[in-house]
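Visitor: Sequence order for the protein chains is A and B. Take 1 as the starting number for the first sequence in full-length UniProt numbering and just add one per residue. Take 1 as the starting number for the second sequence in full-length UniProt numbering and just add one per residue. Mind having a look at this structure? Questions to follow.
Number of protein chains: 2
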Amino acid sequence: MAYQRKTRNLHDLAEKAGVTAATASMALRNSPRLSEAVKERIRRIAEKDGFTPRSYNRKQENAPGKRFSHLGPVLFLDNSVDETDPIGAALLAALGPMMNEYGVDFQVVNQRELAAQPETLEKFDALFFYNDPPVLELIPERIPAVQVFGWEKQRRNCDRITANDGQIVALAVEFLRKAGVERSAIFWRDDIVRIPDHPRITRFLAEMNALGIETTEFRFGKYDTDFTGRLKQYIEAGSERIGFFGFNARCGVKLCCGLDSLGLLQKYSPTNVIVCDNSVLLRDFWPNPALIDLDLPLMAKRALEMLFWRMEQPGIPEAFVLQAPRPLQ
Amino acid sequence: MAYQRKTRNLHDLAEKAGVTAATASMALRNSPRLSEAVKERIRRIAEKDGFTPRSYNRKQENAPGKRFSHLGPVLFLDNSVDETDPIGAALLAALGPMMNEYGVDFQVVNQRELAAQPETLEKFDALFFYNDPPVLELIPERIPAVQVFGWEKQRRNCDRITANDGQIVALAVEFLRKAGVERSAIFWRDDIVRIPDHPRITRFLAEMNALGIETTEFRFGKYDTDFTGRLKQYIEAGSERIGFFGFNARCGVKLCCGLDSLGLLQKYSPTNVIVCDNSVLLRDFWPNPALIDLDLPLMAKRALEMLFWRMEQPGIPEAFVLQAPRPLQ
């Protein structure tokens, strides 16, 4: 008798049915994108083996998954050009399973592809984008959209969600105040922060200086070669009780690399360095700096539901959402 | 043969079953609040007549209604003291059917009742409130909450939604600019606007004055007896091309009543008077003033879903939502 593996999870089921896990999942969700014959065949295998995954049981009770399945497809506009954008990557990682759960088709298109082939747009009913992609003007305003982060609302018929900078600054200030720092700097890269007087920068400077802690901006460029030299200079220019605030994950990486190459990461990282954005980019620095978690998966979920509402009811009043960061651990 | 009316809608079904339309609706939605016997009896009548209303068909596919039915009960805190608050009334009118749809229990408690019997709170899992009720401090912060309007976020574990005053002011300024007014005033009652430097007031003054239209505040008290006299004085003090901006529905009512008693409503209302809040209080003035629709039902829906998310996942980062007004018709 041949060994017969038990159907314990979706992958086992897919293997037995000779389909991908995604197809098996769609069959169990009764997706309209599969033929009835295929669904029936897969369901029969699942049934025979008594396989009813937990999540499908839950879905039958509450059925949130089917709620928007008549909508789509959604275009996710990927901004990355030369380097992967950690915001885009984190949003995508959260959106993929959600889209599956909601049963809505979506496709990732890079902004360069879109600029080269604007006719791609015709396939899509909605747009999910982040920051301020320059190709936005190619996309007709009748297409409902949602924007995550960015400088200003870029278009009509579009909701927007961004992080609450007032509360981000409050966390950073409180962290550095507790550390007893005597001076501090916020580190930002000028091709990333294209918002003049970004509130995260101006409020941090104002609040730290109001506490009597002399605080300045440490601005740098993407291709600067003297970052570490300037950092050394800054550190040696006064009290060594310094607070370091990284504007976002990429600025934080530069800061931590700089401190590391000066042999100062051990000294400063756990107590005096705080970075806005709990990104995978920063988890490998040891000892860990403090990270402000913006909860991008939740932000993606709020953005997505706003987009679905707008797709269902075009013309509803727009929402601008400020999401608070998670409190520090 | 007796005439037998066909079951064409919910009211026909309710009549045949000898129940209210609400009960018939609950039966078709399989509400846990009815006994199985009652539901079965009503369903059998519906089935016999081949009556499956459209909305229930839709619901079986998408099932949004059941999504949060495991939550509740929710306390709706009613702020009204001496007069009915039109905001509270509009929110309640929208929330009632929504709560029914979601299958979540809720109860309206007036702030005075709550102050007299704080033990009422023990029954509730969540709080829905608007503006800044003084009794808020009685309510433990572990209870998840959502706030509509109000000055500032009043508590932890609470999301908040309010109107986007920048866009409200833009609509009012554009309306009065098009009317060609040469001076204008914003009318507000000082016991309603308890936010110092309310953005709706300060931005309106700034933007109108920047356009070269001399603009002032017209502040009044709830019990002022000289409102009409002061209004007459203001109108006679310069050019008759005046723009009138009512801060909200109640201020707008006072303004329209004042113009009416001076015999000037006909002259000014349709072209020169604009009021923030499309309230039922203002629809009876003829000719109609322009009304800025804040879409309170949508605001209530967004607030409610934020509250449900917070009930399901306590501790998720808070959202502060600014909702745009609807464009003027």
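For every residue, glycine included, the Cβ atom is placed at its ideal position computed from N, Cα and C. Since this is a predicted model, take the numbers as computed values, not measurements.
(1) In three-state DSSP terms, what is Phe-227/A?
(2) List, in order along the chain, the chain E residues whose C-beta lies closer than 8 Å to that of Gln-266/A?
(3) Leu-255/A lies in the alpha helix (DSSP H); which residues open and close that run?
(4) For Glu-289/B and Val-275/B, which I take to be in contact (beta-carbon distance under 8 Å), what is that distance rounded to the nearest angstrom?
(5) Cα separation between Phe-227/A and Cys-251/B?
(6) With a threshold of 7 Å (Cβ to nearest heavy atom), would Arg-189/A be considered close to the ligand ZN?
(7) How is Arg-58/B classed by DSSP in three states: helix, strand or coil?
(8) Would you be able to state if there are at least three C-beta pairs under 8 Å between the region 87-102 of chain A and the region 119-132 of chain A?
(9) Could you tell me which residues DSSP pairs with Gly-243/B in its beta bridges?
(10) Quick one: Cα of Leu-114/A to Cα of Gly-212/A, how far?
(11) May I ask you to list the residues that DSSP assigns as paired with Gln-323/A?
(12) Excluding sequence positions up to five away, which residues of its chain have a Cβ less than 8 Å from the Cβ of Pro-270/B?
(13) CB-CB under 7 Å to Phe-210/A, same chain, minus the five flanking residues each way: which ones, in chain order?
(14) Between the alpha carbons of Ile-42/A and Leu-95/A, how many angstroms are there, rounded?
(15) Does the beta-carbon of Ala-37/B have 16 or more other beta-carbons within 10 angstroms, so that it is buried, or is it exposed?
(16) Measuring only the C-alpha atoms, how far is Arg-230/A from Val-108/A?
(17) Is it a yes or a no for the region 311-323 of chain A touching the region 317-327 of chain B, going by three-plus beta-carbon pairs under 8 Å?
(18) Near Thr-216/A, what residues of its chain come up, given a Cβ to Cβ distance below 7 Å and the 5 sequence neighbours on each side ignored?
(19) With DSSP as the reference, identify every bridge partner of Glu-217/A, one or two as the case may be.
(20) Just the chain A side, please: which residues come within less than 7 Å of Pro-317/B by C-beta, in chain order?
(21) Flag this pair as touching only if the region 143-162 of chain A and the region 171-186 of chain A have three or more C-beta atom pairs under 8 Å; answer yes or no.
(22) Check the DSSP bridge columns for Tyr-130/B and list the partner residues they point to.
(23) By the three-class DSSP mapping on this structure, what secondary structure does Gln-107/A have?
(24) Check the DSSP bridge columns for Ile-292/B and list the partner residues they point to.
(25) For Asp-78/A, which residues does DSSP report across the bridge?
(26) Take the Cβ of Thr-162/B as the centre, count every other Cβ of all protein chains shown within 10 Å, and call the residue buried at 16 or more, exposed below.
(27) Skipping 5 residues on each side, what residues in its chain have a beta carbon closer than 6 Å to that of Arg-58/A?
(28) Measure the C-alpha to C-alpha separation of Arg-189/B and Gly-221/B and round it to an integer number of angstroms.
(29) Beta-carbon of Phe-149/A versus every beta-carbon of chain B: anything under 8 Å?
(30) How many whole angstroms separate the CB atoms of Ala-21/B and Leu-10/B, which I take to be in contact at a CB cut-off of 8 Å?
(31) For Arg-241/B and Ile-235/B, I'd like the C-alpha separation in whole angstroms.
(32) Expressed to the nearest angstrom, what Euclidean distance is found between the alpha-carbon atoms of Asp-284/A and Ser-69/A?
(33) Cβ of Asn-157/A less than 8 Å from any chain B Cβ?
(34) Please confirm whether Asn-110/B and Asp-78/B have their CB atoms less than 8 Å apart.
(35) Which residues, in chain order, does the region 175-190 of chain A contribute to contact with chain B at a C-beta distance below 8 Å?
(36) Going by Cα to Cα distance, which pick from Phe-124/B, Ser-25/B, Cys-158/B, Gln-117/B is closest to Pro-97/B?
Guide: To lay it out plainly:
(1) helix
(2) No chain E is present in this structure, whose protein chains are A and B.
(3) 249-261
(4) For the record, residue 289/B in the displayed sequence is Pro; it is not Glu. That pair is a contact at about 5 Å.
(5) 58 Å
(6) Although the ligand ZN was asked about, the structure shown includes no ligands whatsoever.
(7) Because Arg-58/B carries a pLDDT of 36, less than 50, the predicted location of this residue cannot be relied on, and no value is offered for it.
(8) yes
(9) Ser-184/B
(10) 49 Å
(11) Ala-163/A, Ala-319/B
(12) Pro-287, Asn-288, Pro-289, Ala-290
(13) A quick correction: the sequence has Ala, not Phe, at residue 210/A. Correct list: empty, nothing qualifies.
(14) 26 Å
(15) exposed
(16) 39 Å
(17) yes
(18) Ala-185
(19) Ile-186/A
(20) Asp-295, Leu-298, Gln-323, Ala-324, Pro-325, Arg-326
(21) no
(22) Val-148/B
(23) strand
(24) Cys-276/B
(25) Asn-110/A
(26) buried
(27) Residue placement at Arg-58/A is flagged as unreliable, the pLDDT there being 36, under the threshold of 50; the coordinate-derived value follows with that caveat. Cβ within range, chain order: n/a, list empty.
(28) 5 Å
(29) no
(30) 5 Å
(31) 9 Å
(32) 39 Å
(33) no
(34) yes
(35) none
(36) Ser-25/B
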